[in-house]
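Asks:
Numbering (the working numbering), first residue to last: 469 to 1039.
Here you go:
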């Protein structure tokens, strides 16, 4: 692919999309918001958790279905690749401009969904990782950084607001994506073959799996509860594995095509300002601004890694994201597990919860980034960490109560958390511009997003690892209370086969509770307590890192490290 100024793709390059005199700068934000709304649907990933973990069983997970842990890691891979793409593409973005990068992002993000659709259809997990995780993740990174430096240059008078606009759409992607995905899944889903009520079908257990004896021979089955079957309009009982569709494959294909079209159109709306342009009547604030440590000096992208400020902000962003991203990846699953005993927590309620996460994520990006223009970036992050720590510590309290009042408290706490999660992303580019100048802010921002990649691993790992440990302990405790004869009758195997039954997804906490002694407490609501305490601890460390951020020393400025760029700095 040629990227030269006279090549076939020259019309995409920065030098050929310079805005004419009198151009209205407010025409640029809608393009960035449109692209970010598309790629921001990654925050609706938890909507896919249930259909992907039931790809074969459809109404319930079968032995060969993917586990929640393996599915959540697809989201993690996408976030890792986002950070890597942003880091390595930063200097390329400064060279070729936002339109070129946006077009490439459209091909990768849309194409990643299409490859993922093939993976679901063929039940090949590696294709889902390659498509959505790797290709889609690279598309995420390129689409994410493409508007940031552009809008900072268009709005030097309101850096916080500009970055809030640039990244607001990303937080709001799930606001559109979650209901859209749910509607598409419902449209394309097809219930599996129903054999009858559990007590009406001849069942046998082999190596932990359940099979039904039918006239056509022995077939593998899953046993669905009334709630599980209701989403397909069916009844509780026995269903044949591999005879239905969750609708995930067709949904992936549809989204891939739609996102590609929207992102391509939006990319062609990008324009960049002329060199030296500034808003009419605007003059930079004095460098001595105490609230924001705003510098008129610049730091070169290759010099920035030598400054302690970069690495302190890396820790700040990494820990802030880690605390939120793991919860986002399992949001729908989490609220079902903690408050699933309440009648109000239906599938529709959980879907709306994911939608509201997106709403507050998006609103927080604009609100906190704009607020930082007045109280300063450092003080804004102090708010995130002090308030966030208290809110994370409150979640186990609400989970332990388990009533409607607790659900309201949990809902409010998590929504405030997600405003600050999104606000952290939207404020960090302005924080970087304040400390390092605007010369290479796009590339520096890209390199800092490796913190997001790291958080994309740490967050989901922590929440799934700690949750799985809690599930294993809960199952062991419940099994110890269950009558062995009742266990053998329920699962068609002795207690000695417990591990095999758990691995085959035949034994779960919910199914053990069905035969547990009266008065046995459901441990599901406590599965995330340890994780919440760990996330609160991370925010305390992030607060300390933010506290240590000081203005960059003069020895790192461009005139002292790259004097040949001094004219560019002055412009």
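We treat Cβ as the ideally placed atom computed from N, Cα and C, and that holds for glycine.
If we count the other Cβ atoms within 10 Å of its Cβ and call it buried at 16 or more, is residue 701 buried or exposed?
Replies: Here residue 701 corresponds to residue number 233 of the chain shown, with the count starting at 1. It is exposed - the Cβ of residue 701 has fewer than 16 other Cβ atoms within 10 Å.
Asks: Going by beta carbon distance, what residues of the same chain come within less than 6 Å of residue 584, once the five residues before and after it are set aside?
Replies: By 1-based counting over the chain shown, the position of residue 584 is 116. 596, 599, 600 and 720.
Asks: Relative to the C-alpha of residue 850, which candidate in 623, 741, 1016 and 678 has its C-alpha closest?
Replies: For this step, residue 850 is matched to residue 382 along the chain shown. Comparing Cα positions, the closest option is 1016.
Asks: Would you report the Cα separation of residue 820 and residue 1013, rounded to the nearest angstrom?
Replies: Walking along the chain shown from the start, residue 820 turns up at place 352. Walking along the chain shown from the start, residue 1013 turns up at place 545. Approximately 35 Å, taken between the alpha carbons.
Asks: Since residue 969 contacts residue 959 with CB under 8 Å, what's their CB separation in whole angstroms?
Replies: Position 501 of the chain shown, counted from the first residue, corresponds to residue 969. Position 491 of the chain shown, counted from the first residue, corresponds to residue 959. Right, their Cβ atoms sit about 6 Å apart.
Asks: How many Å lie between residue 608 and residue 535 at the Cα?
Replies: Here the question's residue 608 lines up with position 140 in the chain shown. Here the question's residue 535 lines up with position 67 in the chain shown. In a straight line, the C-alpha of residue 608 is about 25 Å away from that of residue 535.
Asks: Tell me, please, whether the CB atom of residue 550 is closer than 8 Å to any CB atom in chain B?
Replies: Among the chains of the structure shown, chain B does not appear; only one protein chain is present.
Asks: Which whole-angstrom value describes the C-beta separation of residue 731 and residue 639, a residue pair presumed to lie in contact below a C-beta threshold of 8 Å?
Replies: Position 263 of the chain shown, counted from the start, is the residue given in the question as residue 731. Position 171 of the chain shown, counted from the start, is the residue given in the question as residue 639. Contact doesn't hold; Cβ gap of about 17 Å is too wide.
Asks: For residue 829 versus residue 491, is the C-beta distance shorter than 8 Å?
Replies: Here the question's residue 829 lines up with position 361 in the chain shown. Here the question's residue 491 lines up with position 23 in the chain shown. Cβ distance not < 8 Å, so residue 829 and residue 491 don't count as in contact.
Asks: Here's a check: name, in chain order, each residue in its chain whose Cβ is nearer than 6 Å to the Cβ of residue 602, leaving out the five neighbours to either side.
Replies: Here residue 602 is taken as the residue at index 134 of the chain shown, counted from 1. Taken in chain order, the residues that qualify are 549.
Asks: Kindly indicate which three-state DSSP category residue 692 falls into: helix, strand or coil?
Replies: On the chain shown, position 224 is the one that residue 692 refers to. Strand, per DSSP.
Asks: Going by DSSP, which residues form a beta bridge with residue 679?
Replies: Here residue 679 is taken as the residue at index 211 of the chain shown, counted from 1. In DSSP, residue 679 forms a bridge with 672 and 688.
Asks: Straight-line CA distance for residue 531 to residue 1000?
Replies: For the purposes of this step, residue 531 is identified with residue 63 of the chain shown, where counting begins at 1. For the purposes of this step, residue 1000 is identified with residue 532 of the chain shown, where counting begins at 1. About 30 Å.
Asks: Beta-carbon within less than 7 Å of residue 926's beta-carbon, same chain only, minus the 5 sequence neighbours each way: which residues are those?
Replies: Here residue 926 corresponds to residue number 458 of the chain shown, with the count starting at 1. Hits under 7 Å: 790.
Asks: Where does residue 915 fall in DSSP's three states?
Replies: In the chain shown, counting from the first residue as 1, residue 915 sits at position 447. Looking at residue 915 - three-state DSSP - the assignment turns out to be helix.
Asks: Look at the alpha carbon of residue 919 and the alpha carbon of residue 783, and state the distance between them as a whole number of angstroms.
Replies: To locate residue 919, count along the chain shown from 1; it is residue 451. To locate residue 783, count along the chain shown from 1; it is residue 315. Distance between the alpha carbons of residue 919 and residue 783 is about 7 Å.
Asks: Check whether the stretch 970 to 979 and the stretch 903 to 920 touch, using three or more Cβ-Cβ pairs below 8 Å as the test.
Replies: Contact fails: fewer than three Cβ-Cβ distances are below 8 Å.
Asks: Taking contact to mean 3 or more Cβ pairs, one atom from each stretch, closer than 8 Å, check whether the stretch 541 to 555 and the stretch 693 to 710 are in contact.
Replies: Result no; under three Cβ-Cβ pairs closer than 8 Å.
Asks: In three-state DSSP terms, what is residue 522?
Replies: Here residue 522 refers to the residue found at position 54 when the chain shown is read from its first residue. DSSP places residue 522 in coil when its eight states are reduced to three.
Asks: For residue 933, which three-state DSSP category applies?
Replies: On the chain shown, residue 933 is found 465 positions in, with the first residue counted as 1. The answer is helix: DSSP assigns residue 933 an H, G or I state.
Asks: If you follow the beta strand (DSSP E) that residue 842 is part of, which residue opens it and which one closes it?
Replies: The count along the chain shown starts at 1 and reaches residue 842 at position 374. Careful: residue 842 lies outside any beta strand (DSSP E), inside the alpha helix (DSSP H) at 815 to 843.
Asks: How would you write the range of the alpha helix (DSSP H) that residue 583 sits in, first residue to last?
Replies: If you number the chain shown from 1, residue 583 lands on position 115. Taken as a continuous stretch (DSSP letters only), the alpha helix (DSSP H) holding residue 583 covers 566 to 589.
Asks: Could you work out which residue in 984, 953 and 913 is closest to residue 944 when comparing CA atoms only?
Replies: Residue numbering aside, residue 944 sits at position 476 when the chain shown is read from its first letter. It is 984 whose Cα lies nearest to the Cα of residue 944.
Asks: Verify whether the separation of the beta carbon atoms of residue 693 and residue 905 is less than 8 Å.
Replies: Reading the chain shown from its first residue, position 225 is the one you call residue 693. Reading the chain shown from its first residue, position 437 is the one you call residue 905. No, these two residues do not count as a Cβ contact at 8 Å.
Asks: For the beta strand (DSSP E) holding residue 708, just list the boundary residues, first then last.
Replies: Position 240 of the chain shown, counted from the first residue, corresponds to residue 708. Note, residue 708: beta strand (DSSP E), 705 to 708.
Asks: Assign residue 804 to one of two classes, buried (16 or more other C-beta atoms within 10 Å of its C-beta) or exposed (fewer than that).
Replies: In the chain shown, counting from the first residue as 1, residue 804 sits at position 336. Buried: at least 16 other Cβ atoms inside 10 Å.
Asks: Are the beta-carbon atoms belonging to residue 930 and residue 1004 less than 8 Å from one another?
Replies: Locating residue 930 in the chain shown gives position 462, where the first residue counts as 1. Locating residue 1004 in the chain shown gives position 536, where the first residue counts as 1. Cβ distance not < 8 Å, so residue 930 and residue 1004 don't count as in contact.
Asks: Who does residue 767 pair with in a DSSP beta bridge?
Replies: Within the chain shown, numbered from 1, the residue matching residue 767 stands at position 299. Partner(s): 1025.
Asks: Between the Cα of residue 606 and those of 495, 808 and 580, spot the shortest distance and give me the residue it belongs to.
Replies: In the chain shown, the residue the question calls residue 606 occupies position 138. It is 580.
Asks: Looking at the secondary structure, which residues open and close the beta strand (DSSP E) in which residue 960 lies?
Replies: Your numbering for residue 960 matches position 492 in the chain shown. Unbroken run through residue 960: none, as it is neither H nor E.
Asks: Take residue 870 as the anchor and find which of 831, 916 and 811 has the nearest alpha-carbon.
Replies: As a position in the chain shown, residue 870 is number 402, starting the count at 1. Minimum Cα distance to residue 870 is reached at 811.
Asks: Would you list the one or two residues that DSSP bridges to residue 740?
Replies: The sequence position of residue 740 within the chain shown is 272, counting from 1. BP columns for residue 740 point to 486.
Asks: How would you call residue 1021, buried or exposed, if buried means at least 16 neighbouring beta carbons within 10 angstroms?
Replies: Reading the chain shown from its first residue, position 553 is the one you call residue 1021. Exposed.
Asks: Restricting to runs no shorter than 3 residues, where is the beta strand (DSSP E) found entirely within the stretch 492 to 522?
Replies: Correct list: empty.
Asks: Apart from the five residues just before and just after residue 665, which ones in its own chain have a Cβ nearer than 8 Å to its Cβ?
Replies: Locating residue 665 in the chain shown gives position 197, where the first residue counts as 1. Contacts found: 703, 704, 705 and 706.
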